[in-house]
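Asks: Can you read through this structure? Questions will come right after.
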Amino acid sequence: MSNLQTFIDQLAPISNLVPRKVDKRQIAQPSWTKRAVTIVGVKTVLTRFMPVSHEGHSNETYVDKIDLLGKTRAEFIGRKLKGIERRMHMTIVRELIANQNQGEWKSFFENNYAAPCIIPDSLCLACPNCALFGGLDAKAQMATFSRARYLDTFSVQDVTDCVGSMDNEEMGIGNQVYEDLVADKAGKKRTRGSDSFHLYEYVKAGTQFPFITIIESPTLFDVAALLHAIRRADSHGYGKYSANHGKFSTQFLALGIGYPRFSMLDMLSSADEGQQFDSKNMRFDTLGKPAVLTGDAINDVADKLNESATAYLQALK
Ligand SMILES: [Zn+2]
252 MSNLQTFIDQ
262 LAPISNLVPR
272 KVDKRQIAQP
282 SWTKRAVTIV
292 GVKTVLTRFM
302 PVSHEGHSNE
312 TYVDKIDLLG
322 KTRAEFIGRK
332 LKGIERRMHM
342 TIVRELIANQ
352 NQGEWKSFFE
362 NNYAAPCIIP
372 DSLCLACPNC
382 ALFGGLDAKA
392 QMATFSRARY
402 LDTFSVQDVT
412 DCVGSMDNEE
422 MGIGNQVYED
432 LVADKAGKKR
442 TRGSDSFHLY
452 EYVKAGTQFP
462 FITIIESPTL
472 FDVAALLHAI
482 RRADSHGYGK
492 YSANHGKFST
502 QFLALGIGYP
512 RFSMLDMLSS
522 ADEGQQFDSK
532 NMRFDTLGKP
542 AVLTGDAIND
552 VADKLNESAT
562 AYLQALK
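252 is the number of the first residue of the sequence shown in our numbering; add one for each residue after it.
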């Protein structure tokens, strides 16, 4: 049996994505087993990236940094990865439904999940997006857990090489509105000072971030759609002002059945030593048959998107 087939045979049945009824409401099923698929790869920054995870002053954007394994590294938190990839996953779900439903996804959502499902505040808790990423409906006091597990990641490069700022480039955006609107006591416009500049730091193009993402109780649709969502997120952008910034390219290194028996630190150590972290270094904990896909076999899984979407829509009927 091919490696690809061994991998696919161990995924959860697509019917797991069909919501169940709880108190007259459709809600995603809990994950019954803790079988898992791990996606491993490296993301490379293509355009300046402003990861923002903190509440700061509106005229400051700075990169979170952490001392790790002898370097100061830029931090790219899992919550940010998840947020953008979730949105892209939703666009894929809607598009697939629209394709099969003569362009109409909204009525399909209302009929099958009782709500159009808007991220982040009006989640339906029943669609394939909520089934994968989880959701909370505070009013109804209902929640579903996320089956997608994201890990924080850190730059391979030291911040002295990979973070740019206003200091070393003399960049800053003058806050014109602030200067125009705020007059001093004598009625004169404010002079341009440090607080009229938008201070920012960014991660430079070429910076690499390894990543490890785990899907629990994964169906084929979950895995295929998330692979597509990661690619879309790369083109959409991950950072602040993401329309123009934070584009990435992703190299998928492996798709493994099971939980990883290695960490982000192993991947960073490998990169620091100039060695490629590849599937030979990867072990996965599984109670089933080991199956690790690399290269074209990963694309083969992604190519199952339409087929698995059709199987889901059939199961939903
Ligand atoms: Zn939903």
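From the three backbone atoms N, C-alpha and C, an ideal C-beta is built for every residue, glycine too.
#1: Start and end of the alpha helix (DSSP H) containing Y364?
#2: Report yes if the CB atom of K316 is closer than 9 Å to the CB atom of V414, and no otherwise.
#3: Measuring only the C-alpha atoms, how far is L332 from R338?
#4: Who are Y453's beta bridge partners in DSSP?
#5: Among D274, N267, D485, I549, which residue has its Cα nearest to the Cα of C378?
#6: When you compare only the Cα positions, how much space is there between Q565 and A349?
#7: Any contact between the segment 398 to 408 and the segment 457 to 468? By contact I mean 3 or more CB pairs, one from each, below 8 Å.
#8: So is the beta-carbon of G334 under 8 Å away from any non-hydrogen atom of ligand 1?
#9: Can you tell me which of the three DSSP states T470 falls into?
#10: State whether the segment 279 to 297 contacts the segment 463 to 477, with contact taken as three or more CB pairs (one from each stretch) at a distance under 8 Å.
#11: Which of the three DSSP states is assigned to M422 in this structure?
#12: Count the other CB atoms within 10 Å of the CB of G525; is the residue buried (16 or more) or exposed (fewer)?
#13: With three or more beta-carbon pairs closer than 8 Å as the criterion, would you say the segment 266 to 281 touches the segment 501 to 514?
#14: Indicate the three-state DSSP secondary structure (helix, strand or coil) for A553 in the structure shown.
#15: Could you check if L477 belongs to the surroundings of ligand 3, using beta carbon to heavy atom distance under 8 Å?
#16: Curious, which full-length beta strand (DSSP E) runs of at least 3 residues does the segment 311 to 363 contain?
#17: Going by C-alpha to C-alpha distance, which of V552, V296, P541, G546 sits closest to A325?
#18: Output the boundary residues of the beta strand (DSSP E) element that contains L504.
#19: Where F327 and P302 are concerned, what is the direct C-alpha to C-alpha distance, given to the nearest angstrom?
#20: Where does I508 land, buried or exposed, given buried means 16+ other C-beta within 10 angstroms?
#21: Here's the rule I'm using: 16 or more other beta-carbon atoms within 10 Å means buried, otherwise exposed. How should E587 be labelled?
#22: What residue does the beta strand (DSSP E) around D394 start on, and which one ends it?
#23: Exposed or buried, which one is I335 when buried takes at least 16 other CB atoms within 10 Å?
#24: Using 9 Å as the threshold, is the C-beta distance between A394 and D388 below it?
#25: Within its chain, find whatever has a CB closer than 6 Å to the CB of A522; leave out the 5 residues flanking it on each side and keep chain order.
#26: Identify whether I370 lies in helix, strand or coil by the three-state DSSP scheme.
#27: Assign D260 to one of three DSSP states: helix, strand, or coil.
#28: If you measure from each residue's Cβ to the nearest non-hydrogen atom of ligand 1, which ones come out under 7 Å, in chain order?
#29: Could you tell me the alpha carbon to alpha carbon distance between L477 and I370, rounded to whole angstroms?
#30: Report all residues from its chain with a CB closer than 6 Å to the CB of A484; omit the five preceding and five following residues, and keep chain order.
#31: Can you tell me the Cα-Cα spacing of R271 and N363, whole angstroms?
#32: Mapping the DSSP letters down to three states, classify A279 as helix, strand or coil.
#33: State the beta-bridge partners of G386 as determined by DSSP.
#34: Exposed or buried, D473, counting other C-beta atoms within 10 Å across all chains shown (16 or more means buried)?
Replies: So, from the listed chains and residues:
#1: 357 to 364
#2: yes
#3: 10 Å
#4: G415
#5: N267
#6: 15 Å
#7: yes
#8: no
#9: strand
#10: yes
#11: Unreliable placement is indicated for M422, whose pLDDT of 44 sits below 50; no coordinate value is reported for it.
#12: exposed
#13: no
#14: helix
#15: Ligands in the displayed structure: ligand 1; ligand 3 is not one of them.
#16: 316 to 319, 322 to 327
#17: V296
#18: 499 to 508
#19: 6 Å
#20: buried
#21: Because residue 587 is not part of the residues shown, which for the chain are 252 to 568, the question remains open.
#22: Residue 394 is actually Ala in this sequence, not Asp. Per DSSP, A394 belongs to the beta strand (DSSP E) from 393 to 395.
#23: buried
#24: yes
#25: V407
#26: coil
#27: helix
#28: Y364, C368, L374, C375, L376, A377, C378, N380, C381, G386
#29: 17 Å
#30: I335, E336, M339
#31: 11 Å
#32: coil
#33: T395
#34: buried
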